[in-house]
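J.: Just passing along the structure, written as C-alpha coordinates.
In my numbering, the protein residues as written are 2 to 132.
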(Lines of atoms letter the chains of each structure in order from A; the text may use other names.)
(Lines give C-alpha, C1' and ligand atoms only; values in the text may rest on other atoms or scores of the structure.)
Protein backbone atom coordinates (compact mmCIF):
# COMPACT_ATOMS: atom_id res chain seq x y z
CA UNK A 2 0.00 0.00 0.00
CA UNK A 3 1.25 3.47 -0.87
CA UNK A 4 0.46 6.52 1.21
CA UNK A 5 -0.47 9.66 -0.66
CA UNK A 6 -1.42 13.22 0.17
CA UNK A 7 -3.76 15.77 -1.34
CA UNK A 8 -2.34 18.93 -2.84
CA UNK A 9 -5.36 20.91 -1.57
CA UNK A 10 -3.40 22.94 1.02
CA UNK A 11 0.15 22.31 -0.21
CA UNK A 12 1.87 25.30 -1.78
CA UNK A 13 4.94 24.65 -3.90
CA UNK A 14 6.60 26.68 -6.62
CA UNK A 15 6.73 23.82 -9.13
CA UNK A 16 5.49 20.32 -9.89
CA UNK A 17 9.08 19.14 -9.47
CA UNK A 18 9.09 20.52 -5.92
CA UNK A 19 5.80 18.73 -5.24
CA UNK A 20 7.34 15.42 -6.36
CA UNK A 21 10.43 16.01 -4.25
CA UNK A 22 8.28 16.89 -1.23
CA UNK A 23 6.31 13.66 -1.58
CA UNK A 24 9.53 11.64 -1.81
CA UNK A 25 11.17 13.48 1.10
CA UNK A 26 8.25 12.70 3.43
CA UNK A 27 7.95 9.09 2.29
CA UNK A 28 4.74 9.36 0.27
CA UNK A 29 4.31 7.16 -2.78
CA UNK A 30 1.47 9.13 -4.27
CA UNK A 31 0.04 12.56 -4.92
CA UNK A 32 -3.68 13.28 -5.13
CA UNK A 33 -4.02 16.39 -7.29
CA UNK A 34 -6.86 18.37 -5.71
CA UNK A 35 -7.76 20.72 -8.54
CA UNK A 36 -6.40 20.37 -12.06
CA UNK A 37 -7.08 24.01 -12.98
CA UNK A 38 -5.16 25.31 -9.96
CA UNK A 39 -2.34 22.83 -10.61
CA UNK A 40 -2.02 24.03 -14.22
CA UNK A 41 -2.20 27.70 -13.24
CA UNK A 42 0.34 27.51 -10.40
CA UNK A 43 2.92 25.17 -11.96
CA UNK A 44 4.27 25.80 -15.44
CA UNK A 45 5.86 22.34 -15.29
CA UNK A 46 2.58 20.64 -14.34
CA UNK A 47 1.90 17.14 -15.61
CA UNK A 48 -1.34 18.55 -17.04
CA UNK A 49 0.50 20.85 -19.48
CA UNK A 50 1.03 18.93 -22.69
CA UNK A 51 4.37 20.69 -23.22
CA UNK A 52 5.66 19.48 -19.82
CA UNK A 53 3.92 16.11 -19.62
CA UNK A 54 6.88 13.84 -20.41
CA UNK A 55 9.34 15.73 -18.17
CA UNK A 56 6.77 15.75 -15.35
CA UNK A 57 6.29 11.99 -15.68
CA UNK A 58 10.08 11.63 -15.45
CA UNK A 59 10.03 13.71 -12.22
CA UNK A 60 7.45 11.34 -10.76
CA UNK A 61 9.48 8.27 -11.76
CA UNK A 62 12.76 9.71 -10.46
CA UNK A 63 11.13 10.40 -7.09
CA UNK A 64 9.29 7.04 -6.96
CA UNK A 65 5.95 8.86 -6.79
CA UNK A 66 2.75 8.55 -8.81
CA UNK A 67 -0.35 10.64 -9.25
CA UNK A 68 -2.80 8.24 -7.65
CA UNK A 69 -5.93 10.38 -8.03
CA UNK A 70 -7.37 13.58 -9.42
CA UNK A 71 -9.94 15.30 -7.20
CA UNK A 72 -12.80 17.34 -8.58
CA UNK A 73 -13.15 20.39 -6.30
CA UNK A 74 -16.79 20.93 -7.24
CA UNK A 75 -19.47 19.29 -5.13
CA UNK A 76 -21.52 16.83 -7.13
CA UNK A 77 -25.26 17.26 -6.78
CA UNK A 78 -28.50 16.73 -8.63
CA UNK A 79 -27.79 19.70 -10.91
CA UNK A 80 -24.26 18.61 -11.89
CA UNK A 81 -23.59 18.62 -15.60
CA UNK A 82 -22.15 15.26 -16.77
CA UNK A 83 -19.56 17.26 -18.76
CA UNK A 84 -17.87 18.21 -15.46
CA UNK A 85 -17.47 14.53 -14.60
CA UNK A 86 -16.24 13.65 -18.09
CA UNK A 87 -13.68 16.47 -17.95
CA UNK A 88 -12.11 15.10 -14.76
CA UNK A 89 -12.16 11.49 -15.99
CA UNK A 90 -10.41 12.57 -19.20
CA UNK A 91 -7.77 14.51 -17.26
CA UNK A 92 -7.07 11.54 -15.01
CA UNK A 93 -6.87 9.24 -18.05
CA UNK A 94 -4.45 11.63 -19.77
CA UNK A 95 -1.88 11.25 -16.98
CA UNK A 96 -2.72 7.57 -16.21
CA UNK A 97 -4.12 8.37 -12.76
CA UNK A 98 -6.18 5.34 -11.68
CA UNK A 99 -8.83 7.27 -9.75
CA UNK A 100 -10.98 10.38 -9.73
CA UNK A 101 -12.40 11.59 -6.41
CA UNK A 102 -15.83 13.22 -6.32
CA UNK A 103 -17.64 14.62 -3.28
CA UNK A 104 -21.42 14.71 -3.14
CA UNK A 105 -23.42 17.46 -1.46
CA UNK A 106 -26.40 15.11 -1.16
CA UNK A 107 -27.06 11.41 -1.60
CA UNK A 108 -28.18 10.87 -5.20
CA UNK A 109 -30.61 8.24 -6.37
CA UNK A 110 -29.31 5.41 -8.54
CA UNK A 111 -31.02 6.99 -11.54
CA UNK A 112 -29.31 10.33 -10.89
CA UNK A 113 -25.94 8.61 -10.45
CA UNK A 114 -26.33 7.03 -13.87
CA UNK A 115 -27.31 10.40 -15.38
CA UNK A 116 -24.26 12.11 -13.89
CA UNK A 117 -21.67 9.34 -14.30
CA UNK A 118 -23.06 7.12 -17.08
CA UNK A 119 -21.47 8.92 -20.02
CA UNK A 120 -18.08 9.18 -18.27
CA UNK A 121 -18.16 5.47 -17.34
CA UNK A 122 -19.04 4.51 -20.92
CA UNK A 123 -16.25 6.69 -22.26
CA UNK A 124 -13.75 5.25 -19.76
CA UNK A 125 -14.78 1.71 -20.72
CA UNK A 126 -14.34 2.44 -24.43
CA UNK A 127 -10.83 3.83 -23.78
CA UNK A 128 -9.92 0.65 -21.89
CA UNK A 129 -11.22 -1.50 -24.76
CA UNK A 130 -9.09 0.48 -27.22
CA UNK A 131 -6.01 -0.12 -25.05
CA UNK A 132 -6.52 -3.90 -25.29
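Don't be surprised by glycine CBs; every beta carbon is placed ideally from N, CA and C. Computed from a predicted model, the values in this text were never measured in an experiment.
Give a yes or no on whether the C-beta atoms belonging to residue 73 and residue 38 are separated by under 9 Å.
T.: yes
J.: State the Cα-Cα distance for the pair residue 20 and residue 4, rounded to the nearest angstrom.
T.: 14 Å
J.: Taking the beta strand (DSSP E) that residue 145 falls in, what are its first and last residues?
T.: As displayed, the chain neither begins before 2 nor continues past 132, which places residue 145 out of reach and without an answer.
J.: Expressed to the nearest angstrom, what Euclidean distance is found between the alpha-carbon atoms of residue 51 and residue 44?
T.: 9 Å
J.: Closest by CA to residue 30, which one among 106, 97, 122?
T.: 97
J.: For residue 48 and residue 36, what's the separation of their Cα atoms in angstroms?
T.: Cα to Cα, residue 48 sits roughly 7 Å from residue 36.
J.: For residue 16, does the count of other Cβ atoms within 10 angstroms reach 16, so buried, or fall short, so exposed?
T.: buried
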